[in-house]
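Asks:
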Amino acid sequence: MDIGFIGLGNMGQPMAHRLIEAGHKLIIYDTRNDAVAPLVTIGAQLVSSPADVADRAETVMASLPSLQVSEKVAIGEGGVIHGKRIKRFIDLSTTGSSVAAKIAAALAKKNIVQIDCPVSGGVGGARKGTLAVMVSGPRADVDLVKDVLAVFGKVFLIGEKPGMAQTMKLANNFLSATAMVATSEAVVMGVKSGLDPKVMIDVINAGSGRTTASDGKFPQAVLPRTFNYGFATALMLKDVRLCVEEARGLSAPNSVMSAVLDQWEATNTEFGGDSDFTVIVKMIERRAGVTVGAEKKS
Ligand code: NAD
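When we follow the numbering used here, the leftmost residue of the sequence shown carries the number 966, and every step to the right adds one.
Printed below as a string of structure tokens:
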């Protein structure tokens, strides 16, 4: 199938790679040359705007870093809405349900179907094709693309209303964000009392405190002090903010969400939005005056 793909960053790059490996022809666009070059090498066709992409493919996917960029690429000047061939726009980004609904309504006026398709499982999952792929949109169009989406991982059909998959994704990421900050506080507390952080993580992973932070992020990016898990602090802050807004909009309780949001706001202020989100542990270390994973003095 001819597939357009816009936004070839940490997630888009490996996902696009998998589509090419599965035999699809990709038409790609990103504002960064270094993002497109590796895919051009393996056969992707590079064009010069989202509208150009949408001139050449019926199905266009996007994996973009902010709500503003998603809106611009979808329905702004030079956006896919102006394409001649596009029939469906699959947004793999996390945008929250209101932006998804706004884009869906604008595209519908041009008979373009919006399919929300946020994903979870990180860069590793994108490379291996083991993501959780959450889909909402009109059933007929979803049916047409669900086998293509299965290249990314396990496909979950969430519903037909625009934005439903986004709400699902925000609930998931809130839990992931909470696990990261809660594990950071737990381990920093232990280290301050003299516990070995590696032993702590081993115990937690064998016990009831095990989370995606303790069995993935800590062993891979915190204990070795590499802080290179592949997800920016700004993106985690965006997701938690969207989740709090979503809960407030629904008058659903959000006291834990709001407390977690404060911690990501502080991390973003202190380490910048481009930092890897695993640096949240450094923010907590600063307040405690200890370092997790540092060599133990004998
Ligand atoms: P990223 O910043 O690495 O990639 C975004 C890409 O979009 C970049 O290559 C950037 O150059 C490109 N871009 C920016 N503006 C553009 C424009 N106007 N036109 C075309 N391209 C443009 O971000 P990411 O980590 O790949 O995340 C992408 C989306 O996926 C986000 O919504 C994020 O929340 C979500 N997500 C990320 C992860 C993760 O682990 N990184 C996991 C699940 C979901």
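We treat Cβ as the ideally placed atom computed from N, Cα and C, and that holds for glycine.
Which residue wins for smallest C-alpha separation from V1153, given the options D999, L1004 and M1165?
Replies: With distances taken between Cα atoms, V1153 lies closest to M1165.
Asks: Quick check on the burial criterion: 16 or more other C-beta atoms within 10 angstroms. Buried or exposed for P1189?
Replies: Counting Cβ neighbours within 10 Å, P1189 comes out exposed, since fewer than 16 surround it.
Asks: Just to confirm before moving on: does the CB-CB distance between T1176 and S1240 stay below 7 Å?
Replies: Not in contact: T1176 and S1240 (Cβ atoms no closer than 7 Å).
Asks: At 4 residues or longer, what runs of the alpha helix (DSSP H) sit wholly inside the segment 1072-1153?
Replies: Taking only runs of at least 4 residues, the alpha helix (DSSP H) segments lying wholly in the segment 1072-1153 are 1087-1093 and 1104-1114.
Asks: How is the beta strand (DSSP E) around M1026 delimited, first residue to last?
Replies: Run containing M1026: T1024 to A1027, per the beta strand (DSSP E) assignment.
Asks: To the nearest angstrom, how far is it from the Cα of N1170 to the Cα of G1214?
Replies: Rounded to whole angstroms, N1170 to G1214 spans 36 Å at the Cα level.
Asks: Return the first residue and the last residue of the alpha helix (DSSP H) that L1188 is part of.
Replies: Looking at the DSSP string, L1188 is not in any alpha helix (DSSP H), and its letter there is neither H nor E.
Asks: What would DSSP say about D1241, mapped onto helix, strand or coil?
Replies: Correct three-state label for D1241: strand.
Asks: Could you spell out the range, first to last residue, of the beta strand (DSSP E) harbouring G969?
Replies: From DSSP, the beta strand (DSSP E) with G969 extends over D967 to I971.
Asks: Starting from R1213, trace the alpha helix (DSSP H) both ways and give me its first and last residue.
Replies: First-last of the alpha helix (DSSP H) with R1213: T1198 to G1214.
Asks: Taking the alpha helix (DSSP H) that I1166 belongs to, which residues open and close that run?
Replies: Unbroken alpha helix (DSSP H) run through I1166: P1162 to A1171.
Asks: Which same chain residues end up closer than 6 Å to S1028 when comparing Cβ atoms and leaving out the 5 residues on each side of it in sequence?
Replies: These residues qualify, in order along the chain: G972, M976, G977, L1057 and S1058.
Asks: With respect to the alpha helix (DSSP H) encompassing R1050, which residues constitute its N-terminal and C-terminal limits?
Replies: Note, R1050: premise wrong, no alpha helix (DSSP H); not H, not E.
Asks: At what residues does the beta strand (DSSP E) containing L1057 begin and finish?
Replies: Here L1057 belongs to no beta strand (DSSP E), and DSSP marks it neither H nor E.
Asks: Do A1071 and I1051 have their C-beta atoms within less than 7 Å of each other?
Replies: Cβ distance not < 7 Å, so A1071 and I1051 don't count as in contact.
Asks: In angstroms with no decimal places, state the Cα-to-Cα distance between D1161 and G1254.
Replies: Using only the alpha carbons, I get a separation of about 16 Å.
Asks: Hey, is A1016 close to the ligand NAD, as in C-beta under 6 Å from one of its heavy atoms?
Replies: A1016: no, Cβ never under 6 Å from the ligand NAD.
Asks: Look at the alpha carbon of K1074 and the alpha carbon of T1234, and state the distance between them as a whole number of angstroms.
Replies: Cα-Cα distance, rounded: 40 Å.
Asks: Could you tell me the alpha carbon to alpha carbon distance between G974 and G1089, rounded to whole angstroms?
Replies: One C-alpha to the other measures close to 13 Å.
Asks: May I ask whether a heavy atom of the ligand NAD can be found less than 6 Å away from the beta carbon of N975?
Replies: Yes, the beta carbon of N975 sits closer than 6 Å to at least one heavy atom of the ligand NAD.
Asks: Enumerate in chain order the residues of its own chain whose CB-to-CB distance from K1126 is below 7 Å, with the five nearest sequence positions on each side excluded.
Replies: Correct list, in chain order: S1101.
Asks: What do you get for A1022, buried or exposed, if any count of 16 or more other CB atoms within 10 angstroms of its CB means buried?
Replies: It counts as buried.
Asks: Going along the chain, which residues of its own chain have a beta-carbon closer than 6 Å to the beta-carbon of L1114, five neighbours each way excluded?
Replies: Contacts found: V1098 and V1120.
Asks: Indicate the three-state DSSP secondary structure (helix, strand or coil) for I1007 in the structure shown.
Replies: Of the three classes helix, strand and coil, the one that applies to I1007 here is coil, per DSSP.
Asks: Short of 6 Å in beta carbon distance, which residues of its chain neighbour C1208, apart from the five on each side in sequence? Order them along the chain.
Replies: L1135, F1139 and M1222, listed in sequence order.
Asks: Which residues mark the beginning and the end of the alpha helix (DSSP H) in which T1234 is found?
Replies: Unbroken alpha helix (DSSP H) run through T1234: S1220 to F1236.
Asks: Below 8 Å on the Cβ atoms is my contact criterion, and I expect F1242 with Y1194 to pass it. Report the Cβ-Cβ distance as a whole number of Å.
Replies: The pair is a contact, with the Cβ atoms about 7 Å apart (cut-off 8 Å).
Asks: At the level of alpha carbons, what is the spacing between S1141 and G1044?
Replies: Rounded to whole angstroms, S1141 to G1044 spans 32 Å at the Cα level.
Asks: Quick check on this structure: which residue in M1026, R983, R1251 and G1181 has the alpha carbon closest to the alpha carbon of R1092?
Replies: The shortest C-alpha separation from R1092 is found at R983.
Asks: I'd like to confirm something about A1000: is its beta-carbon nearer than 6 Å to some heavy atom of the ligand NAD, or not?
Replies: Yes, since a heavy atom of the ligand NAD falls inside the 6 Å radius drawn around the Cβ of A1000.
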